[in-house]
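K.L.:
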Amino acid sequence: MSLESMLIVASVIFCVGLYGALAQRNFIAVLMSIELMFNGVNLTLVAMGRWLAPYAVQEQLSAVLTGQVFAVFVITVAAAEIALGLGIVFAIFRSNESVDLTDAASLRH
Amino acid sequence: MATGFTGLLTVTVFLPAVAALLLGVGAVRGDRNIRWFAAVVAAADLVLSVIVFVSFRPGGDQFQLVDRFDWISVETMHASYLLGVDGISAPLVMLTGLLGLCAVFVSFHISHRVREYFIWLFVLQTAVLGVFTALDFLLFFLFWEIELVPMYLLISTWGAGRREYSAMKFLIFTILGSAFMLVAILAVFVSSGVDSFNMTSLLEPGGALDATRAALPMGLLFWLFFIAFAVKLPTWPVHTWLPDAHTDAPTAGSVMLAGVMLKMGGYGLLRVNASMFPEQLQTYALPVVALGVISVLYGAVVTLRQTDLKRLIAYSSVSHMGLVLLGLGSVAAVGGALSDAGLTGAAMQLFTHGTITGLLFVAVGILYEKTHTRHIPDLGGLANRMPVVATAFLVAGAASLGLPALSGFVSELLVFFGGFRAFPALTILAVLGIILAAGYILWMLQRTLFGPRPSRWDDLSDASPVELVPVVLLVVSIVAVGVYPAWLTDVFRDGLEPIVNGYNAGIAGVGR
Amino acid sequence: MIAEPLVWAIFLLPVASFLLIGLVIRPMGASFAKVAGYLTIAALGVGFILSLWLLRSSAYHHTVYEFAPHLWLDLGGASIEMGLLLDPLTNVMLVVVTGVSLMVQIYSLGYMDGDEGFARYYAYMSLFSASMIGLVLAVNIVQMYVFWELVGLSSYLLIGFWHNRPSAAAAAKKAFIITRIGDVGFLLAIIYLFFHAEEFASHGLNALHIPHIWEAAAPIAAGGAGIVAGGALLWLCLGLFAGAAGKSGQFPLHTWLPDAMEGPTPVSALIHAATMVAAGVFLVGRFFPVFAESQAAMMVVALIGAFTAVFAATMGLAANDIKRVMAYSTVSQLGYMMAALGVGAYNAALFHLFTHAFFKALLFLGAGSVNHAAGTFNMMYMGGLRKAMPWTYWLTVIGSLSLVGIFPLAGFWSKDEILLESWLAGGPVPASISLLVFVLLLVGVLLTAFYTYRMVHLTFHGEFRGGGERELHAATAAGVPAPTGATHHVHLGESPAVMVAPMGILGFCAIVAGWIANPIGVTSVFGLIPSHWLTEYFASGLHDGHHAPPFSIGIAVISNVIAFAGIGLAALVYAWPRPFVSRDPLSGGGPLHTLLAQRYFMDHFYEDVVVGRLFYRSVVGITDWVDRNIIDGLVGLTGWISRNVGSLIALAQNGQVQTYPLVAAVGGLVIIILYLALG
Amino acid sequence: MTAYDLFLISPLLALAALAMLVIVVDLLTRRTGLLVGVSFVGLAAPAALSVWQLVSLSGSGQSELMAEGSVVLYTLSIDRFALFFNFLILAAVGLVVLVSNDYVRRIERLQGEYFGLMLLSATGMMLMVAADELITMYIALELTTLPLAALAAFLPNGRSSEAGMKFLIIGAISSALMLYGMALIYGLTGSTRLEEIAVALAAGSSSGLIPFGSMAALLAVVLLLAGFGFKMSAAPFQMWVPDVYQGAPTPMVAFLSVASKAAAFALVLRVFYIGFDALGGDWWVLLAGLAALSMTIGNLVAISQRNINRLFGYSTIAHAGYLLVGVAAIATAGGEEAGFGPSSVLFYLTAYTAANLTAFFAITCIETRINSSEIADYAGMLRRAPFPAIALALALIALIGLPPTGVFIAKIHIFAAAINTGESLMTWLVIIGVVNSVISAYYYLRVIRVMFLQPAIHTERLRASWPVNVALGVAALCMLWLGVAPGAVLDAAERAVVVLVAGG
Amino acid sequence: MWFESLVFWILSVAAIAGALGVVLVRDLFRSALLLSMVFVAVGGLFVLMNAEFLAVVQILIYVGAIAVLFIFAVMLTRNVQQGNMPNRLQIPAALVATLLLAAMIATAVTTDWTTLAGAGLESKGQIAQTQAVGIPDAAELAGAGLTAAEVENVRSGGLADLLIGDFVLPFEAVSLLLLAAAIGGLALARGRGR
């Protein structure tokens, strides 16, 4: 369970999320994929923080947890984005009776 | 370095702009009043510009009537509002005033959006005057750019034919040229010892800009500037905007375009390329002159084919402006007291061509007002229907083909004098151009003024008194220069003296 | 003695009258037109008196007036000055110009009477006289060039005076452009001189000051500066000669002169016979010291001159337009003068220029008077005018005989001296060349005599053949445009006194100008005038002006015999045994006649082949095509490309939201890859 | 949390409070005029507080406000740089509020939310320009983006919703990428504070094998750029711009195009000039490349546009390119010239803000009346709405970079900075830049031509309420003033960027 | 140690598998369920890295979020079974994702992460410097010469202190953010202008 392995796991989740965000039709599915990306980031952050613990301990204590703090904020912001996202989902749904992103392409060229 | 604040130039330059502002806010109402208001303002500006010319003292400081204050003065950038005239610019200022008045008078017949028309005309005049008087690169470039928009609108609004295409073409060409100039100006700016846009300090001998600290190779700078000015001049092969712009512009537009705006190119060549890059100019004299001679012959040859009066004059301008390059290149043969013949010729050519082509366009404008055609085959035999216009055509044509006692001859002769010292063979080629000039001018006169007159021109009226004003003004100026040119050449030579001395000393301006 | 202002007055008076007429009288309208005439005549009259005074005071006190020139244009190194060069050549030319001009102006009062452009005519005439006087007075080569071009302009204006005639407008243009071609040579010569300005200055000379140019050309041995010599000198001379040839209609630049007859006849008399065309000769004479230093140049001048003398005369044989005949004879006579200069007969050449001015002007005025009566210039429709207009007839005969060079008329003396000097071959050119010239000139005499008789006969003898009336009918019948000068009003009768009187005066000169001005052996006019006065006077203008050779009976007899032979020949063809009726016997001459009538097809060659096909259609056409399609085409192409590249990129903007981050991600990856690849 | 901390963040608090106040006011009374009035006048508070901060800053000789035991300074730095942008943002939001006066009337309800969200977004921007710590930056970025996303979708039509959706999704994805980059930076340097990052990188970036010293740094920089590029609307992260500009409410677009762009550039300047100072040699090339790409794509595509908002979308991309030229012009020499590049960016942003606001305000005036943003419908505008038409024309001339407008000076200054670096690559970049401005002239002038030359389809005059006209006039005057007398702002810009280049 | 590794492997496999499921499964229900599984697994990994508090936050917030997502998925998707269809960008998207993954893995592997962490060792060499990311127990930390308070702080994570301490500003800002999101979301959901 080395740092690298943790980072790799994180990046896999992140990239899977990216793929989903790019390749899904359903707005909600895209939102879910974006959540995956955020989880990947969080994993990285926490891993980094943990890995830096000894150094941080020496330097100043707070930094040990900087990674976790960051993760907390990411989670919160993600929640906020979901909230707004759902609002827009409604808007989209109201205007063209579907949450399929491929239908919402009136603005182009 | 020039300092002080006389105010005369500032007034001269900005009087038209102020007038434009007054028109803009509607201080003057009614087309007729606007016309006469414009006439009065233009006349006042002519008087001012003449005062500028007269109060310039050859032999005094290099730059006189200086107006200066710091404009931008921050760590990274120093630019000043710096106006001043030297022997090169003083006559051109007067020329601008003169043609400005003519432009107004030939525009009296304009009845479509009169107010806007004169606003743009005045903005244009201020811009051109600014270019000739600005001694700070930033200011120079500012005026240089300002002039684009009014000209664009003049052509595209009050023009004829494919006016929008021509206007856009004119604009794109010029902006492209000035884009190159901008790069060069910036390079000069960042490499100038004084770290400023001040031309006068750049012009000081042993000057501010030295090749070692130049952001770009001096040669490249030279060519960047050259392209910008060559487009304006215009030089083959970047001339194609001129015929279109001329053909479709309103008369006043053509007058200003050919009369003063082409001169901005020549002025720039003298002020920048010849003054600040003497060694480069000498190094590249051959290509420069070659371009000039090509323009002379090519322009003349193509002119022979034109059937539209304005197009014809436009191409003849290409041909005549080529002589400016020839005169410029004459510095390749430096040394001796005669080095300034070519440069003086080039400078003179700017002035004389301004008046001559101005007169030609005025005449064409009047003609077009009466006949509503510029297609030469449709015309003919107009001489005894409209003797005044015919006389104008004759004088301008004769001057344009370099007939002595008219202004064109002097400048051409000087250019040839200078050019022959440097490039005999090319100069001889250029001299052959005057035969072609005789060819197309006489052909034009023959087809428009002489020969049998189509019956539909039987009841043409001659120029009205209002139209007479510009004709008289320009004819007088053409003859005055032709009969006794010294009053003009002495001023020009005074302005060119530093350059020439520099060449004679083997070092000049900033091109160390 | 004479003061400088007075000399300038000779030049400035016509200028003044030009300005007055142009700016004041013309705008006032036709009612005041007559004033223009009187004004011009007054100006020239005063000028004439002044120039006589100048000549007299210069000749009798044997003084050469030298007034310091005035600075016109300062070029730092060399300066262009305007001044007076009052050497014998100038002084005599002044008298000729003002004198002939005066006569012509008076004559024009009658001839141009009632023409709508009366004032304009006199304005142009004043302009011309002024320019011509200025040309003669010039001390600076640039100054000379200035007026050189101005006479060209006034010639242009006057040839195209009746500018509603396409032929007139075309002729004017042709005249200007062809002379311009020659002028380029002149201009290049000037530029070349300026090229040496510093060298001149080092000798304390001004490269553009004519006397200095003489000095510079003279070899050091001869006390000159020897700045220009050898090949350079030759080119200089050729440049100058090109200018001269253009103006004086020397081969191959002669084609404009016959067409120039489109102008009013007095114009032809003054400009295209007496004065302007002689300017070429004047130019070469002016720079004779320079030419004299280059044998090659002299040979060119001599041969071209002699050839032109014959060549033009042959074309004179086949011309039917009386003015064209005279035009060819003018070209031919100018050829005599050039040839004379070529063989070094400076005095003789100028002497001939002097006499020729009178009798040729007279002849043209005669033609004008004839046209006034017959309403045409075409000799085929004249004939029998002798009875109708005796004065004109006799004066024309005098002029003709003088032209042919019959003893003792003016033409004889000058032509005789030319022949004599070329025979003696004392000039700089090799004797062989000189003799060749002599032979050619004799041939010229024969031809001159022939066509002159033909002209007189067809015009005045025989029966009247209907004049302009008939001609116009014929033209309409043949469906060709009305020929120039042909009018319907034909009133056979003598012209008014105002026209005849000047002719009379000129006629008198044509008789006496020879032996009074330049008597041989004995002094004339009760010993007032020494022998060879005029030529000696001319010679005094040169440093090494050589004296005129003694009169040679032999040459005189030969030339007269040949002249009479020519007349006799012509009489055999036209008068006796079969008098001329309507068809020119020579036109049976087949191709030869066609060749002559078509002026050796040179106009055709110049205008259709060289200008039309080669230049206009090929060079101009191709260049124009390039300009429109290639150079301007590139501009269009650039715009097209930038526009379409834009819309191409816009295609990626397909509205699918996820495309956008995809592109962004790809961009990011590309950046990374580039970094890793390029380091 | 000391009182001084409150003083430090007082402008932010004031602005946030104002946002909530507006919403409350909207709940109490539905009067647009009142809302506009409250929001506009209320802006005086944050402005005044910023002035106070500026005064006390210049009072203390330091480069930024300091205090013992202050906690917010861990994540914040109140310096001239931040304050410069504070004023810029406040001015922009103020004018946009004014100009919304007519526009918001098409949203009968929720006008309070409209203004509230705008003010909240402005709060985020002000936080963003002051933040010197990654977490705070991230939060600020989101606080800027989310309200704008909401506003983009605010109009009751499909296009608006679509614009909002695109803005949200793309924003989310790019911020996720950026987050990963931040995580890497944190892992590599052990801190999220720029100063410490700089120190660590300076110590760490030894191996010259990989650019930026290590793969992590490289990836981090690229991913960060993905996030910032989205906000800067720089290629290749620009593709959302035209669509959002076309679909979203025009005043919001005006705000988006200037304020959020400015904030983003502030962010970039801070992060790269302070955080990645040690890596300067590596990243300026990257930025130069993006600059060239943005300019070219923006201008070329703009040529073929027929909708004016879309046109401005592309034009803003192009201008992001010009701005990046300034960012990339990192002074190799240091010393007096060091601040040349960044200061030129600041001035350009100011000038661009004035010009672009003028343009969008004019567009708003016209669009509010004719309900169309197709260029074709602008025919004869000079007759129908002289004031907006002339203002728009001036703005277009400015955006070409012609005098007498601020952008003219700004362009010269920014290009001068580029050439001043002495790098031949930068000189070429400048040449690309000037050629691009030539291309831009083509499509900008097309609009002027339509307005001035083509005959109007309808002839009735278009009138706007006085607040709109005032906003338009002020913006236009600023635009011209910056062209005639740029000295003051240039000076301010130079002093603002000292904190970036103090290191040298 | 082997136990930690085992747990780590199980959790990571679960997380990755779940993530793949989320994006590949056609049925929106299932993908949502899988997403929650990913969250739980990630939470487990947090615990494994002694971020218990964070793990709790993760579970709590995301469970709520997922619940909401469920509702919307049901409400707004016509055919939930086929609700999770891919668009035409699969291949490029996959390509990009793979390349980026490669870059990230390369980063993780090639970068010398010890530059800083290692820097700490000289002074506090007592900490067993392993390549492991595991729970440092009390003894380990005490051995590092930390005071009891510090040890406590490190172990039980004084997140709260930080959130109202150094990071108070983002903390306040994030509250604004939530407010903005709420306002925006409500405004949009409530239907504008009608």
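Protein chains in written order, with this note's numbering: chain A, 24 to 132; chain B, 1365 to 1876; chain C, 39 to 717; chain D, 47 to 550; chain E, 11 to 204. For each residue, glycine too, the CB sits at the ideal point set by N, CA and C. All of these numbers come straight from a predicted model, not from anything done at the bench.
Who are the near neighbours of GLY144/E in its chain, counting only those whose CB is closer than 7 Å to its CB and skipping five residues on each side?
P.N.:
Bear in mind that the predicted position of GLY144/E carries a pLDDT of just 47, short of 50, making it too unreliable to give a figure here.
K.L.:
Taking the alpha-carbon positions, what's the PRO57/D to LEU80/D distance?
P.N.:
Straight-line Cα distance between these residues: approximately 22 Å.
K.L.:
Which same chain residues, not among the five before or five after ALA68/C, have their C-beta less than 8 Å away from its C-beta?
P.N.:
GLU154, PHE156, ALA157
K.L.:
With which residues is PRO96/E paired in a DSSP beta bridge?
P.N.:
GLN47/A
K.L.:
With a 10 Å radius around its C-beta and 16 neighbouring C-beta atoms as the bar for buried, classify TYR612/C as buried or exposed.
P.N.:
buried
K.L.:
Going by C-alpha distance, which of THR235/D, ALA222/D, LEU442/D, ILE478/D is nearest TYR488/D?
P.N.:
Among THR235/D, ALA222/D, LEU442/D, ILE478/D, the Cα nearest to that of TYR488/D belongs to LEU442/D.
K.L.:
Near LEU68/A, what residues of its chain come up, given a Cβ to Cβ distance below 8 Å and the 5 sequence neighbours on each side ignored?
P.N.:
GLY90, GLN91, PHE93, ALA94, VAL97
K.L.:
Can you tell which of PHE1486/B, ARG1421/B, SER1444/B, ALA1454/B has the C-alpha that lies nearest to the C-alpha of ALA1407/B?
P.N.:
PHE1486/B
K.L.:
Roughly how many angstroms separate the alpha carbons of TYR535/D and SER106/D, rounded to a whole number?
P.N.:
The sequence shown places Val at residue 535/D, not Tyr. Going from the Cα of VAL535/D to the Cα of SER106/D covers about 22 Å.
K.L.:
From ARG73/A to LEU88/A, what distance separates their C-alpha atoms?
P.N.:
8 Å
K.L.:
What are the boundary residues of the alpha helix (DSSP H) that includes ILE1519/B?
P.N.:
Per DSSP, ILE1519/B belongs to the alpha helix (DSSP H) from 1512-1522.
K.L.:
With respect to the alpha helix (DSSP H) encompassing ASP72/D, which residues constitute its N-terminal and C-terminal limits?
P.N.:
49-74
K.L.:
Label MET66/C either buried or exposed according to how many other C-beta atoms from any shown protein chain fall within 10 Å of its C-beta, with 16 as the threshold for buried.
P.N.:
exposed
K.L.:
Identify every residue that forms a DSSP beta bridge with TYR103/C.
P.N.:
Per the DSSP secondary-structure output, TYR103/C pairs in a beta bridge with LEU124/C.
K.L.:
For PHE1369/B, name the three-state secondary structure that DSSP assigns.
P.N.:
strand
K.L.:
So which residues of chain C does SER118/A contact, with C-beta pairs closer than 9 Å?
P.N.:
Ordered by position in chain C, no residue passes the 9 Å Cβ test against SER118/A, which lies about 15 Å from the chain.
K.L.:
Could you have a look at LEU131/E and say whether DSSP puts it in helix, strand or coil?
P.N.:
Bear in mind that a pLDDT of 38 at LEU131/E, under 50, signals an unreliable position, so the number given afterwards is only what the model happens to contain. It is coil, neither helix nor strand.
K.L.:
Quick check: what's the CA-CA separation for SER39/D versus TYR360/D?
P.N.:
Since the first residue of chain D shown is 47 and the last is 550, residue 39/D is not available in this structure.
K.L.:
In terms of DSSP beta bridges, what is LEU109/C paired with?
P.N.:
GLU119/C
K.L.:
Hey, could you find the ends of the beta strand (DSSP E) ILE409/D is sitting in?
P.N.:
Run containing ILE409/D: none in the beta strand (DSSP E); it sits in the alpha helix (DSSP H), 386-416.
K.L.:
Residues in the same chain with beta-carbon distance under 6 Å from PHE161/D, minus the five sequence neighbours each way, listed in chain order, please.
P.N.:
Result list for PHE161/D: VAL68, LEU81, SER85, in chain order.
K.L.:
Near MET420/C, which residues of its chain fall below 6 Å by C-beta distance, leaving aside the five closest residues on each side in sequence?
P.N.:
Around MET420/C, the same chain offers ALA412, THR497 as residues with beta carbons nearer than 6 Å, after the five sequence neighbours per side are excluded.
K.L.:
So is SER133/E in contact with chain D if we call contact Cβ pairs under 9 Å?
P.N.:
Caution applies to SER133/E, whose pLDDT of 35 falls short of 50 and renders its modelled position unreliable; the value that the coordinates give is listed next. Not an interface residue.
K.L.:
What span of residues does the alpha helix (DSSP H) with PHE214/C cover, start to end?
P.N.:
From DSSP, the alpha helix (DSSP H) with PHE214/C extends over 204-233.
K.L.:
Please confirm whether LEU714/C has its beta-carbon closer than 9 Å to some beta-carbon of chain D.
P.N.:
yes
K.L.:
Below 9 Å on C-beta distance, what does VAL1487/B contact in chain D?
P.N.:
The contacting residues do not exist; VAL1487/B stays about 10 Å from chain D at best.
K.L.:
For the region 1795-1807 of chain B, list every residue whose C-beta sits within 8 Å of some C-beta in chain C, in sequence order.
P.N.:
Listed by position, the residues of the region 1795-1807 of chain B near chain C (Cβ gap below 8 Å) are VAL1795, LEU1796, ILE1798, ILE1799, ALA1802, GLY1803, LEU1806, TRP1807.
K.L.:
Judging by CA-CA distance, which residue of PHE238/C, GLY152/C, THR313/C is the nearest neighbour of VAL174/C?
P.N.:
Put simply, of PHE238/C, GLY152/C, THR313/C the residue whose alpha carbon is nearest the alpha carbon of VAL174/C is THR313/C.
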